[in-house]
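Undergrad:
Number of protein chains: 2
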Amino acid sequence: MFDCIIIGTGPAGISAALTLKSRGKNFMLIGSAGLSAKISAAEQINNYPGLPAVEGGALKAAFMEQLAGMGISITQASVTGVYDMGGYYGVLSGSDSYESKTVILAVGVEAVKPVPGELEFLGRGVSYCATCDGLLYRGKNIVVVCTSKAMEEEAEYLASLASSLTFVPLYKGASLSGGNVTVITGMPVAIRGSQRVESVEFRDRVVPCDGVFMLKSAIAPSALVPGLNAEGGHVVVDRSCRTNLGGLFAAGDCTGRPYQYAKAVGEGNVAAHSVCDYLAKV
Amino acid sequence: MFDCIIIGTGPAGISAALTLKSRGKNFMLIGSAGLSAKISAAEQINNYPGLPAVEGGALKAAFMEQLAGMGISITQASVTGVYDMGGYYGVLSGSDSYESKTVILAVGVEAVKPVPGELEFLGRGVSYCATCDGLLYRGKNIVVVCTSKAMEEEAEYLASLASSLTFVPLYKGASLSGGNVTVITGMPVAIRGSQRVESVEFRDRVVPCDGVFMLKSAIAPSALVPGLNAEGGHVVVDRSCRTNLGGLFAAGDCTGRPYQYAKAVGEGNVAAHSVCDYLAKV
Chain A
1 MFDCIIIGTG PAGISAALTL KSRGKNFMLI GSAGLSAKIS AAEQINNYPG
51 LPAVEGGALK AAFMEQLAGM GISITQASVT GVYDMGGYYG VLSGSDSYES
101 KTVILAVGVE AVKPVPGELE FLGRGVSYCA TCDGLLYRGK NIVVVCTSKA
151 MEEEAEYLAS LASSLTFVPL YKGASLSGGN VTVITGMPVA IRGSQRVESV
201 EFRDRVVPCD GVFMLKSAIA PSALVPGLNA EGGHVVVDRS CRTNLGGLFA
251 AGDCTGRPYQ YAKAVGEGNV AAHSVCDYLA KV
Chain S
1001 MFDCIIIGTG PAGISAALTL KSRGKNFMLI GSAGLSAKIS AAEQINNYPG
1051 LPAVEGGALK AAFMEQLAGM GISITQASVT GVYDMGGYYG VLSGSDSYES
1101 KTVILAVGVE AVKPVPGELE FLGRGVSYCA TCDGLLYRGK NIVVVCTSKA
1151 MEEEAEYLAS LASSLTFVPL YKGASLSGGN VTVITGMPVA IRGSQRVESV
1201 EFRDRVVPCD GVFMLKSAIA PSALVPGLNA EGGHVVVDRS CRTNLGGLFA
1251 AGDCTGRPYQ YAKAVGEGNV AAHSVCDYLA KV
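Those sequence lines, one after another, are chains A and S.
Heads up: the first sequence at position 138 corresponds to 138 in this note's numbering, and the numbers run straight through without jumps.
Just add 1000 to the spot in the second sequence (first one is 1) and you have this note's numbering.
#1: Taking Gly34 of chain A as the reference, give the member of A:Leu228, A:Leu67 and A:Gly24 with the closest Cα.
#2: Kindly indicate which three-state DSSP category Leu285 of chain A falls into: helix, strand or coil?
#3: Just confirm the distance between the C-beta atoms of Thr1075 of chain S and Met1028 of chain S, as a whole number of angstroms; I'd bet it's less than 8 Å.
#4: Are there 16 or more other CB atoms within 10 angstroms of the CB of Ser1194 of chain S, so buried, or fewer, so exposed?
#5: Ignore the nearest five residues each way along the sequence and tell me which others in Ala1077 of chain S's own chain have a CB closer than 6 Å to its CB.
#6: In angstroms, rounded to a whole number, what distance separates the CA positions of Pro226 of chain A and Ser1148 of chain S?
#7: Return the residue from the list S:Leu1135, S:Asn1141, S:Glu1055 and S:Leu1215 that minimises the CA-CA distance to Val964 of chain S.
#8: Between Met28 of chain A and chain S, is there a C-beta pair that is closer than 8 Å?
#9: Check whether chain A comes within 8 Å of Val1235 of chain S, counting only Cβ atoms and requiring the distance to be less than that.
#10: Report the three-state DSSP secondary structure of Ala77 of chain A (helix, strand or coil).
#11: From the DSSP output, which residues share a beta bridge with Thr208 of chain A?
#12: Considering only DSSP beta bridges, list what Ser100 of chain A is partnered with.
#13: Could you tell me whether the Cβ atoms of Cys254 of chain A and Leu105 of chain A are closer together than 8 Å?
#14: Using the beta-carbon of each residue, which ones in chain A are nearer than 9 Å to Glu1065 of chain S?
#15: Along the segment 122-139 of chain A, what residues have a CB closer than 8 Å to any CB found in chain S?
#16: Just checking: is the beta-carbon of Ile191 of chain A within a distance shorter than 8 Å of some beta-carbon in chain S?
#17: By Cβ distance below 6 Å, which residues in the same chain neighbour Ser1164 of chain S in space, the five residues on each side in sequence not counted?
#18: Going along chain S in order, which residues have a C-beta closer than 9 Å to the C-beta of Leu35 of chain A?
#19: Mind checking Asn269 of chain A: buried by the 16 CB within 10 Å criterion, or exposed?
#20: Return the CA-CA distance between Ala1061 of chain S and Arg1242 of chain S, expressed in angstroms with no decimal places.
#21: With which residues is Arg1242 of chain S paired in a DSSP beta bridge?
#22: In terms of alpha-carbon separation, which member of A:Glu55, A:Asp204, A:Lys21 and A:Phe2 lies closest to Thr102 of chain A?
#23: Kindly give me the distance between the Cβ atoms of Ser36 of chain A and Gly108 of chain A, rounded to whole angstroms, as I take these residues to be in contact under 8 Å.
#24: Short check: CB of Gln211 of chain A to CB of Tyr137 of chain A, under 8 Å?
#25: Please list, in chain order, the chain A residues whose beta carbon lies closer than 7 Å to that of Leu1018 of chain S.
#26: In terms of residue numbering, what span does the alpha helix (DSSP H) encompassing Ser222 of chain A cover?
#27: Pick from A:Tyr261, A:Leu279, A:Val275 and A:Val282: whose alpha carbon is nearest that of Phe63 of chain A?
#28: Answer yes or no: do Gly1010 of chain S and Lys1038 of chain S have a C-beta to C-beta separation smaller than 8 Å?
#29: Considering just the uninterrupted stretch of the alpha helix (DSSP H) at Met64 of chain A, what are its terminal residues?
#30: Can you find a CB in chain S that lies within less than 8 Å of the CB of Ala347 of chain A?
#31: In this structure, does DSSP put Met1151 of chain S in helix, strand or coil?
#32: For Val182 of chain A and Tyr89 of chain A, what's the separation of their Cα atoms in angstroms?
#33: For a contact meaning CB atoms closer than 8 Å, what does Pro1208 of chain S contact in chain A?
#34: What residue range is occupied by the uninterrupted beta strand (DSSP E) comprising Ser164 of chain A?
#35: So which of S:Val1144, S:Leu1224 and S:Lys1025 has the shortest CA-CA distance to Asp1084 of chain S?
#36: Looking only at its chain, what residues have a beta carbon closer than 6 Å to the beta carbon of Pro957 of chain S, apart from the 5 residues adjacent to it on each side?
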């Protein structure tokens, strides 16, 4: 049983992890081991105090060095559900499950709405994380929907594993090559299947497949946590980053605007302190 | 008329300034040009994301470099009052006054309660800032109450100006030398005078003087702004850092725990965005 599971490796999740470590808590940090794609994608950040005119790559390197220096490792996984078990939380990632007294959601925010079928088949053929689940699709036929050029690297990794890959970039200037790659333009209409994903439907065709990777920088929190209060796509929190569920906290872009590194880092810190307060009382 | 006046040069004030600058606003940053004494006093900070195991001195240097690089200057002054003028704010500093559409309070928090008479004589013999007001007391007799060793440097500066200086350290291990310095231990009981300060009363003596410097790292917000909602010494704000007064925002330690760099920096960012939203609507 962990004291806390932090979901997300953007600035908010990292800030929360640094503070929980300083406070000697037993926690797990789950997300992409390469950190949130939004971090390295930043061209230049002028208003993050202490790091003048920092570029995304340099910020990522600084974060990675700091985590390593504090002895914090990232559990590379894609969380498919968070369940209130009455006094503790169950966190599911594919077929793995973890138990924790508290959870901090630091999952960021995603402008793109879920495709019909995406949430239903999450963990049953739909994945959000190439590095986490890629190996499950070695030699298989997959569809990869990619929302930003910063995540093309993950698609390339998948192309090296899959038998055939249908690439669906939702941005301009995409480039993904390989003998097994077919590029399609246009939004997917629906993800279809019975027990597991069987195909992806487009306006003009249907692509049969074994799995779909939705490479987005964030997952809708309400898709992850049944019963969580959300408004306009944002988790509702108070000034202590508490949600409507006891022991479940949220920080960073997923709690609303401004979508800023400084704000995310501040909320990660506050959420970690609220976790410590909560643990002291139960 | 400024778009905004930021009061305080700790992490919250600096963060707000960087963001207002990025947004092209016409603002003034008021405080100690050497930044908040709490910054350089920090031994080592392990949980400020992006700057691993940073010491106070290095953090101060990074902030100073960043402010200079962005072309942000600090107006060295000690604010004695903020007044709601109906649609804009008047900010007083001794005999100077400034007008601004909005104000961000980032004044930190001070554990030491005000001495009776301190708030009444603020700007009339009582000062919080040696660098700001020191020259007014050249060749005069002053009392200096100092709450932390980190601010001893300001007391030394005052000793170089004053005719006589009565030094009242409220901590152990104080060291201030000079032919014109007398050291007294014990809290002042009251600051006395009619139009201006005339003396400081202690339990066992009364020290006549022309002025009193209270070297503290923060000023009580309710002492600065008539009508401001405060609770337990903290400014009451919502998640957007709005106070009960329209156009007046607060950020950092003055809004409550946790007293953390990351939290302060986050709130400075949020307050600056709220200022922009407010300016867009009026």
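C-beta atoms are modelled at their ideal positions from N, C-alpha and C, and glycine is treated no differently.
Computed from a predicted structure; not experimentally measured.
TA: Straight from the coordinates:
#1: Looking up residue 34 of chain A in the first sequence gives position 34. Among A:Leu228, A:Leu67 and A:Gly24, the Cα nearest to that of Gly34 of chain A belongs to A:Leu67.
#2: There is simply no residue 285 of chain A to check, as chain A begins at 1 and stops at 282 in what is shown.
#3: Within the second sequence, numbered from 1, the residue matching residue 1075 of chain S stands at position 75. Within the second sequence, numbered from 1, the residue matching residue 1028 of chain S stands at position 28. Contact flag correct, Cβ pair sits at about 5 Å.
#4: Here the question's residue 1194 of chain S lines up with position 194 in the second sequence. The residue is exposed, with fewer than 16 neighbouring Cβ atoms inside 10 Å.
#5: Position 77 of the second sequence, counted from the first residue, corresponds to residue 1077 of chain S. When the five nearest sequence neighbours on each side are left out, the beta carbons in the same chain lying within less than 6 Å of the beta carbon of Ala1077 of chain S are those of Ile1030, Ser1093 and Cys1132, in order along the chain.
#6: Indexing the first sequence from 1 puts residue 226 of chain A at position 226. Indexing the second sequence from 1 puts residue 1148 of chain S at position 148. Whole-angstrom Cα-Cα distance: 50 Å.
#7: There is simply no residue 964 of chain S to check, as chain S begins at 1001 and stops at 1282 in what is shown.
#8: Numbered from 1 along the first sequence, position 28 holds the residue referred to as residue 28 of chain A. No, its Cβ sits nowhere closer than 8 Å to a Cβ of chain S.
#9: Looking up residue 1235 of chain S in the second sequence gives position 235. By this cut-off, Val1235 of chain S is not an interface position.
#10: For the purposes of this step, residue 77 of chain A is identified with residue 77 of the first sequence, where counting begins at 1. Reduced to three states, the DSSP call for Ala77 of chain A is coil.
#11: Taking the first residue of the first sequence as 1, we reach residue 208 of chain A at position 208. Here residue 208 of chain A turns out to be Pro, not Thr, going by the sequence shown. According to DSSP, residue pairing for Pro208 of chain A in a beta bridge involves A:Ser199.
#12: To locate residue 100 of chain A, count along the first sequence from 1; it is residue 100. Answer by DSSP bridge pairing, in chain order: A:Phe2 and A:Tyr89.
#13: As a position in the first sequence, residue 254 of chain A is number 254, starting the count at 1. As a position in the first sequence, residue 105 of chain A is number 105, starting the count at 1. In this structure, Leu105 of chain A lies closer than 8 Å to Cys254 of chain A by Cβ.
#14: Here residue 1065 of chain S is taken as the residue at index 65 of the second sequence, counted from 1. Going along chain A in sequence order, the residues near Glu1065 of chain S (Cβ under 9 Å) are Pro52.
#15: For the segment 122-139 of chain A, which is checked against every Cβ of chain S, not one residue is closer than 8 Å.
#16: Translated into positions along the first sequence, residue 191 of chain A becomes position 191. Output row for Ile191 of chain A: interface = no.
#17: Numbered from 1 along the second sequence, position 164 holds the residue referred to as residue 1164 of chain S. Counting only Cβ-Cβ distances below 6 Å, and skipping sequence neighbours, we find Asn1141 and Asn1180.
#18: Here residue 35 of chain A is taken as the residue at index 35 of the first sequence, counted from 1. Under the 9 Å cutoff, chain S gives no residues; its nearest Cβ is about 11 Å from Leu35 of chain A.
#19: As a position in the first sequence, residue 269 of chain A is number 269, starting the count at 1. Burial call: buried.
#20: On the second sequence, residue 1061 of chain S is found 61 positions in, with the first residue counted as 1. On the second sequence, residue 1242 of chain S is found 242 positions in, with the first residue counted as 1. It is roughly 30 Å from the alpha-carbon of Ala1061 of chain S to the alpha-carbon of Arg1242 of chain S.
#21: The residue labelled residue 1242 of chain S in the question sits at position 242 within the second sequence. Answer by DSSP bridge pairing, in chain order: S:Phe1249.
#22: Position 102 of the first sequence, counted from the first residue, corresponds to residue 102 of chain A. Cα-wise, what sits closest to Thr102 of chain A is A:Phe2.
#23: In the first sequence, residue 36 of chain A corresponds to position 36, counting from 1. In the first sequence, residue 108 of chain A corresponds to position 108, counting from 1. About 6 Å; that satisfies the 8 Å criterion.
#24: Here residue 211 of chain A refers to the residue found at position 211 of the first sequence. Here residue 137 of chain A refers to the residue found at position 137 of the first sequence. It should be noted that the sequence gives Gly, not Gln, for residue 211 of chain A. Yes; because the gap between Cβ atoms is below 8 Å, this pair is in contact.
#25: Position 18 of the second sequence, counted from the start, is the residue given in the question as residue 1018 of chain S. Taking a Cβ-Cβ cut-off of 7 Å, the neighbours of Leu1018 of chain S in chain A comprise Asn46, Asn47 and Pro49, given in sequence order.
#26: Counted from its first residue, the first sequence places residue 222 of chain A at position 222. It spans Pro221 to Leu224 - the alpha helix (DSSP H) in which Ser222 of chain A sits, taken as one unbroken run.
#27: As a first step, residue 63 of chain A is located in the first sequence; it is residue number 63 there, counting from the start. When only C-alpha atoms are compared, the closest one is A:Tyr261.
#28: Looking up residue 1010 of chain S in the second sequence gives position 10. Looking up residue 1038 of chain S in the second sequence gives position 38. In this structure, Lys1038 of chain S lies closer than 8 Å to Gly1010 of chain S by Cβ.
#29: On the first sequence, position 64 is the one that residue 64 of chain A refers to. Membership of Met64 of chain A in the alpha helix (DSSP H) is indicated by the continuous run Gly56 to Gly69.
#30: The structure shown does not extend to residue 347 of chain A, since chain A is modelled only from 1 through 282, so no value can be given for it.
#31: The residue given as residue 1151 of chain S occupies position 151 in the second sequence. Met1151 of chain S falls in the helix class under three-state DSSP.
#32: Locating residue 182 of chain A in the first sequence gives position 182, counting from the first residue. Locating residue 89 of chain A in the first sequence gives position 89, counting from the first residue. One detail in the question is off: residue 182 of chain A reads as Thr in this sequence, not Val. Each residue's Cα considered, the two are about 41 Å apart.
#33: Start at 1 with the first residue of the second sequence, and residue 1208 of chain S comes out as number 208. What Pro1208 of chain S touches in chain A, judged by beta-carbon distance under 8 Å, is nothing: the nearest beta carbon there is about 44 Å away.
#34: What you label residue 164 of chain A is simply residue 164 of the first sequence in a count that begins at 1. First-last of the beta strand (DSSP E) with Ser164 of chain A: Ser164 to Pro169.
#35: Working through the second sequence from its first residue, we reach residue 1084 of chain S at position 84. Sorting S:Val1144, S:Leu1224 and S:Lys1025 by C-alpha distance to the C-alpha of Asp1084 of chain S places S:Leu1224 at the top.
#36: Nothing in the structure corresponds to residue 957 of chain S, since chain S is present only between 1001 and 1282.
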